[in-house]
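Under full-length UniProt numbering, residues 1 to 296 are what the sequence shown spells out, in order.
Note that the Cβ used here is the ideal one computed from N, Cα and C, for glycine as well.
Predicted model, so just to flag it, every value in this text is computed and none were measured.
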Amino acid sequence: MKLQVQHSFTNQNIGTLYLVPTPIGNLDDMTFRAVKVLKAVDLIAAEDTRNTQKLLNHFEIDTKEISFHEHNTMQRIPELIEKLKQGMNIAQASDAGMPSISDPGHELVVACINEDIPVVPLPGANAGLTGLIASGLSPQPFYFYGFLDRKPSDQIAELEALNQHQETFILYEAPHRLKKTLKNMQKVLGADRKSVLCRELTKRYEDFHRGTIAELLDWAENNKIMGEFVIIVQGNVNAVDDDPEADALAGLSMPEQVDYWIEQGDKPNAAIKKVAKLHGLKKQAVYDIYHQIEKE
């Protein structure tokens, strides 16, 4: 593989792709540099041109927009690459926060790198880190995951993998899916795992709910759920790094871990007990997952 070196600000005959963060709620979080770049570029590739136009109007920016979202990514990339090769400077902006982080942008960045087109990132607002530093949970090390899969079985599998992490991890969730996600978190991670719901960050109704997963689920089931959520979750303090069986169990789902111990000669109940201890869960919870028993 040939080493590629990018000198971001040398004179050149091609354009530059600027990755411009936008506020996650409070417009005062827009940086001076972001405003300056959006005014200076030839074109803004926006996730939703209607949303971005409101931002542009607020800061009196009249740069032309073009839509660039998950449904037209493959169509737009060749067009944007050609414009950059012709010398146009383009800013890529998502609706809120950093481009590429749970938003469009990564594929365009890769395409630019493959064509030796400079990619210049601007620092700015990010919901995950904003929630993390105020959560009260250990901020370092941390693991960012973002949105879980919407399909229940796939979400369970993702949570099982996340449960192997000792570091604090970060999730995003929409209000209409919050209760179901918390139920699955309680099922896989345990009722007593410390977590924080960060709601409507930087906005007027910003709030933080700090407690166990059981306490957060109780709140969610007894209140009207509104707003976008960042969920900060304490890492699994019972996860084992240097256990001789760790390599064999790594990447296996909970049922697969139970099967592993059964193959090693354990009886099913003993295998379930081992996996429950590894994940810091009650044996019944692992039993239900292993036997695919759904409980309301």
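Comparing alpha-carbon positions, which option in 74, 89, 180, 142 lies nearest residue 42?
Taking the first residue of the sequence shown as 1, we reach residue 42 at position 42. Per the Cα distances, 89.
Say whether the region 209-223 touches the region 152-159, bearing in mind that this needs 3 or more beta-carbon pairs closer than 8 Å, one atom from each stretch.
no
With 16 other Cβ atoms within 10 Å as the buried cut-off, status of residue 235
One-based indexing of the sequence shown puts residue 235 at position 235. Under this definition residue 235 is a buried residue.
Sequence-distant residues of the same chain with beta carbon closer than 8 Å to residue 136, five excluded per side:
To locate residue 136, count along the sequence shown from 1; it is residue 136. 196, 210.
Is residue 74 buried or exposed, if buried means 16 or more other CB atoms sit within 10 Å of its CB?
One-based indexing of the sequence shown puts residue 74 at position 74. So residue 74 ends up on the exposed side.
Burial state of residue 133 (16 or more Cβ within 10 Å)
Here residue 133 is taken as the residue at index 133 of the sequence shown, counted from 1. Exposed: under 16 other Cβ atoms inside 10 Å.
Along the alpha helix (DSSP H) that carries residue 132, what are the first and last residues, could you check?
The residue given as residue 132 occupies position 132 in the sequence shown. Counting along the chain, the alpha helix (DSSP H) containing residue 132 begins and ends at 127-135.
Looking only at C-alpha atoms, which of 25, 187, 120, 3 sits nearest to residue 205?
Stepping through the sequence shown from its first residue, residue 205 is reached at position 205. Minimum Cα distance to residue 205 is reached at 25.
Inter-residue spacing [alpha-carbon to alpha-carbon] between residue 281 and residue 165
Numbered from 1 along the sequence shown, position 281 holds the residue referred to as residue 281. Numbered from 1 along the sequence shown, position 165 holds the residue referred to as residue 165. Spanning the two alpha carbons is a distance of roughly 15 Å.
DSSP beta-bridge partners for residue 44?
Counting from 1 along the sequence shown, the entry for residue 44 is found at position 44. DSSP, once it has assigned bridges, lists 65, 91 as partnering residue 44.
Does the region 29-38 come close enough to the region 100-111 that 3 or more CB-CB pairs lie under 8 Å?
no
Counted within 10 angstroms of its Cβ, other Cβ atoms place residue 265 as buried (16 or more) or exposed
In the sequence shown, counting from the first residue as 1, residue 265 sits at position 265. Its Cβ having fewer than 16 others within 10 Å, residue 265 is exposed.
How would you call residue 8, buried or exposed, if buried means at least 16 neighbouring beta carbons within 10 angstroms?
If you number the sequence shown from 1, residue 8 lands on position 8. Answer is exposed; the Cβ neighbour count stays below 16.
Counting only runs that start and end within the region 181-240, where is the alpha helix (DSSP H) found for 4 or more residues in a row?
213-221
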